[in-house]
Amino acid sequence: MAFADRLAFARKQKKIKQSDLGKTIGTSGDIIGKYERGENVPSIEVATKIADALGVTLDYLVKDGEYEQIDNDTLKKLKAIQELDNDTKSHIFATIDAFIKAAKLKNIAAL
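The sequence shown finishes on residue 111 if you use the UniProt record's numbering, and the numbering steps up by one all the way, no holes.
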C-alpha cells in the first residue's frame with residue numbers, strides 16, 4: 001500500500017474530512033486530496049504533521065513494515081514499558097499475556 005492509500009485509509013478510519021485535516025496541519029483540503037490521489041507528495045515535515053493529526057506513526061504512512069499499524073498511543077505505552085526495570089516489565093507482560101489469552105478464548109467461544 002502506498003503513502004496515498006495509507007493516508008486516505010487512516011483519514012477515513014478517523015472520520016476526518018480532507019478539509020478538516022488540511023486545516024489541522026496548516027494546508028488545504030485540496031492539497032490533502034492531491035496527496036491521497038498520489039498527485040503530490042508531502043515533505044517529511046508535512047507528513048509528520050499528518051501522522052500526528054491522524055494519530056498514526058510516520059512509519060505507517062511512509063513504509064511497509066511489521067509495525068506499520070501501531071498507533072501513537074500504543075507506541076508511547078510500549079516506549080514507557082521499555083524504560084521500566086526488568087521485574088516490572090515481567091509483571092506487565094504477564095498481565096498483558098493473560099488479557100490476550102482471555103480475549104482469544106472469548107473469541108473462540110463466540111464461534
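Ideal Cβ placement from N, Cα and C applies to all residues, glycine included. Just so we're clear, the structure is a prediction, and the values are computed from it rather than from any experiment.
At a cut-off of 7 Å, would you count residue i as near the ligand NAP, judging by its Cβ distance to the nearest heavy atom?
i	result
residue 16	Of the ligands one can find in the structure shown there are none, so the ligand NAP has no counterpart to examine.
Return the chain-ordered list of same chain residues with a C-beta closer than 7 Å to the C-beta of residue i, the five sequence neighbours on each side being excluded.
i	result
residue 8	36
residue 89	81
Please list the terminal residues of the continuous alpha helix (DSSP H) segment that includes residue i.
i	result
residue 39	Neither: residue 39 is in no alpha helix (DSSP H) and is coded neither H nor E.
Thinking C-beta only, is residue j closer than 8 Å to residue i?
i	j	result
residue 61	residue 6	yes
residue 50	residue 25	yes
Look up residue i in the DSSP assignment and say whether it is helix, strand or coil.
i	result
residue 16	coil
residue 10	helix
residue 24	helix
residue 2	coil
At 4 residues or longer, and completely inside the region 46–111: list those alpha helix (DSSP H) runs for me, N to C.
58–62, 72–82 and 86–110
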